[in-house]
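First residue of the sequence shown: 94, per the working numbering; consecutive thereafter. By construction, the Cβ of each residue, glycine as well, lies at the ideal position given by its N, Cα and C atoms. Just so we're clear, the structure is a prediction, and the values are computed from it rather than from any experiment.
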Amino acid sequence: MTDHTPRNVLITGGAGFIGCNFVRYFLDSDPDVRLVDLDLLTYAGDLSNLEGLPDPDRHTFVKGDICDRELVDGLFREHEIDTVIHFAADSHVDRSISGPAPFIQTNFVGTFHLLDAARLYWKDEKKWGDEDCRFHHISTDEVYGSLGPDDPPFSETTPYAPNSPYSASKAGSDHLLRAYQHTFDVPTTLSNCSNNYGPYQHTEKFVPTVIRSCFEGNKIPIYGDGSNVRDWLYVRDHCTAIDRIVRKGKLGECYNVGGCNEWSNLELVNKICAIMDEIHPEGAPHTDLMSFVSDRPGHDWRYAIDMAKIRSELDWEPEETFETGIRKTVEWYGKLFAK
Ligand code: NAD
94 MTDHTPRNVL ITGGAGFIGC NFVRYFLDSD PDVRLVDLDL LTYAGDLSNL
144 EGLPDPDRHT FVKGDICDRE LVDGLFREHE IDTVIHFAAD SHVDRSISGP
194 APFIQTNFVG TFHLLDAARL YWKDEKKWGD EDCRFHHIST DEVYGSLGPD
244 DPPFSETTPY APNSPYSASK AGSDHLLRAY QHTFDVPTTL SNCSNNYGPY
294 QHTEKFVPTV IRSCFEGNKI PIYGDGSNVR DWLYVRDHCT AIDRIVRKGK
344 LGECYNVGGC NEWSNLELVN KICAIMDEIH PEGAPHTDLM SFVSDRPGHD
394 WRYAIDMAKI RSELDWEPEE TFETGIRKTV EWYGKLFAK
């Protein structure tokens, strides 16, 4: 095990949902890190997500594309980047079905450019050792495909079987990471995480959509019969897992991150509606707004994570229970939508 101490960190996609939560968490928890935050500000990124950062002088925002190789090479040299924490992606499965091209470009080609820039700077120019630098890639449990009701949860040895253009592009980027570790000794770690929920998520995603519909009295769209199951993790817990892996993770290893917290979409909507009935009684019962819509093509039925490895090797556990996390989340969006 080679511990790593991040100092000059390139965050990609830090104006998006998980990225901005991580930027906040990282600045707050480590007074010695300096962050360079490269984000293209697509429809999914928003600078307002970065307002009110703790110690903002240690955060430099750069608007740009991870596929712009000249820009990326320049950032490595200018800021002497020793750590990459790579969030940037096109991330919405529905959009990958209606228009897959940007997913292949950002998720696969963009990850290639970042890895290759890291190889050039760390291995050829600086000739740094394993402990000096680290490339952590944030991936998804969707690369493993879909589970049946009685299947065991995904472990790190579950074969990849991506079913959507989104998950296929993420699977491709995971394989590139492995190849850069194996062939060029770029020190890498990888995490495959389940569905996140919490503050700052784009309002097109399921949890914010449900909460917004409740506040606005609009129909809550639920795919198919609502039986699809996801393992939900509070976003701050994902951030602590990434932090632990970056500092303590074994090189070349993948860690599955989840909440041991499986709910069907219908159960999730019922939980959110129950909280909404308390904090927005004028709209109760919010379950009246539920509306079943045609299913997404190729919709994976169930994802679940076996997190035994990160628990035993890195001593990581999620801190938030689903009850506290979902309540905090509804209350946070309440401030946004109840205007
Ligand atoms: P998001 O869509 O909210 O944010 C993505 C960010 O990347 C945005 O700020 C966007 O502007 C930026 N971006 C997109 N293309 C870019 C490019 N070419 N160059 C630079 N920046 C670009 O996504 P998210 O939900 O925060 O997900 C972050 C990462 O975590 C992704 O890699 C995703 O695959 C992974 N992940 C997400 C979840 C989840 O539940 N949201 C679960 C597991 C893994």
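Taking C-alpha positions only, D267 is separated from A377 by approximately 45 Å. Taken through DSSP and simplified to helix, strand or coil, R100 comes out as coil. Secondary structure of C286 (DSSP, three-state): strand. In the DSSP assignment, F277 falls within the unbroken alpha helix (DSSP H) covering 258–277. Checking the DSSP bridge columns, you'll see E355 partnered with D324. The C-alpha of E416 is placed about 24 Å away from the C-alpha of G310. In this structure, DSSP gives I159 a state outside helix and strand, which the three-state scheme calls coil. The shortest CA-to-CA distance from I104 to any of T176, D148, L146 is the one to T176. Contact between the stretch 313–329 and the stretch 350–363 is present, with at least three C-beta pairs closer than 8 Å. When the beta-carbon positions are compared, V279 and R212 come within less than 9 Å of each other. Per DSSP, I403 is one residue of the alpha helix (DSSP H) stretching across 401–407.
When DSSP reads this structure, R395 sits in a beta bridge with V322. Contact between the stretch 290–310 and the stretch 230–243 is absent: fewer than three C-beta pairs spanning the two stretches fall below 8 Å. Judged by beta-carbon spacing, H229 lies beyond the 9 Å limit of L207, meaning their Cβ atoms are not closer than that value.
At least one heavy atom of ligand 1 is found less than 8 Å from the C-beta of N288. One thing to note: Y396 has its Cβ within 9 Å of the Cβ of F247. In this structure, K364 has its beta carbon at no less than 8 Å from each heavy atom of ligand 1. Judged by DSSP in its simplified three-state form, H179 adopts strand.
In the DSSP assignment, no residue is bridged to S141. In this structure, T135 has its beta carbon less than 8 Å from a heavy atom of ligand 1. By the C-beta criterion, the stretch 298–318 is judged to be in contact with the stretch 378–388, since at least 3 inter-stretch pairs fall below 8 Å. Collapsing the DSSP output to three states places P314 in a strand.
Taking a cut-off of 8 Å on C-beta distances, the stretch 359–377 does not touch the stretch 194–209, as fewer than three cross pairs fall below it. When the Cα atoms are used, R271 and T251 turn out to be separated by approximately 16 Å.
Counting of Cβ neighbours within 10 angstroms places T414 among the exposed residues, the total staying below 16. Ranked by how close their Cα comes to the Cα of N285, the residues R117, D399, I365 have D399 in first place.
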